[in-house]
Every structure is written in structure tokens, then in C-alpha cells.
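The next block holds one structure in the form of C-alpha cells; read it before the comments.
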Amino acid sequence: MSSTWTFLSNHAHVLLCVAAEPAMRLREIADRVGITERAVQKIIVELEEGGALTRCREGRRNHYVVHPDCALRHPVEEHRTVGKLLGLVLTAAQLKVIRNRSRSLARTAVVK
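Structure (C-alpha cells):
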């Protein structure tokens, strides 16, 4: 009997999706991760409440800014950051773009 477990949680999969494609729609994330849109919506809210990302409204669409300096939550990996997790899957160039987006959002928030 074959199981379908994976090493990463649905939260990590959703985070990886929005990190790689910040304008990805909930439906697209749900299809890619293999969960419902409602589950994606709940995960996005939890990631936002946990400080791992910020949702930005642009017109009729949401865009997401991932915060790579946010610490991971479980005691086993709390000494690591979201950026380190993303670095396992994304390229260095993608990580640089994510860091720049996060810094830009932080500067904008300070100005407001």
C-alpha cells in the first residue's frame, strides 16, 4: 500500500507558491497544492497572522509579500527562518526578489 505523505506541510506548500508567484490566485494555489480554495484561504490568514506574509490589495487582486526573516514556529525549527525554508526549494535569484519585496514593503510601512 502506497501512502501520499510529503515532507512539507500544506502551509509550507502555500507559502512556497506565493513566494514564487506573488499574484497567484487562491484557485491556482489550491490546484497546485491539492487542497480546497477554502483551505488555502485559511492558511493564508494563518500565515499572515503569524507574520510570515502580508497580503496587499492591487486593484481586484491580492498580491503576497513573504517575510523571509520570520522565524519558523515549531520548537524543532524555531531557530530557522522562512527564508531558510524557502532556500531549500527556490533559487538564489528568487530569494533575492523576495527579500527585496519584503524590505520595500517595510520601508513603505515606515513612511505611512
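Using the numbering used here, you'd call the opening residue of the sequence shown number 5 and step up by one each time.
The beta-carbon is built from N, C-alpha and C at its ideal position, and this holds for glycine as well.
The model shown is predicted, which means the values in this text are computed figures rather than measured ones.
Pop quiz: residue i and residue j are said to be a contact at Cβ under 8 Å. What is the actual Cβ separation, rounded to whole angstroms?
i    : j   : result
S13  : V70 : Not quite, the Cβ-Cβ distance comes to about 16 Å (not below 8 Å), so this is no contact.
I102 : A23 : 6 Å
If you follow the beta strand (DSSP E) that residue i is in, where does it begin and where does it stop?
i   : result
R59 : 57 to 62
R65 : 65 to 70
Counting C-beta neighbours from all protein chains within 10 Å, is the total for residue i 16 or more, i.e. buried, or is it exposed?
i   : result
L30 : buried
L92 : exposed
Using the C-alpha atoms, what's the distance from residue j back to residue i?
i   : j    : result
C21 : M28  : 7 Å
E32 : R111 : 30 Å
W9  : I39  : 14 Å
Q45 : L90  : 20 Å
H67 : V80  : 30 Å
L19 : K88  : 13 Å
How far does the alpha helix (DSSP H) with residue i in it extend, from its first residue to its last?
i   : result
R84 : Premise fails: R84 is in no alpha helix (DSSP H) and is neither H nor E.
K35 : One point to set straight first is that residue 35 is Asp, not Lys, in the sequence displayed. First-last of the alpha helix (DSSP H) with D35: 30 to 37.
Three Cβ pairs or more, each shorter than 8 Å: is that satisfied between the region 52 to 64 and the region 74 to 94? yes
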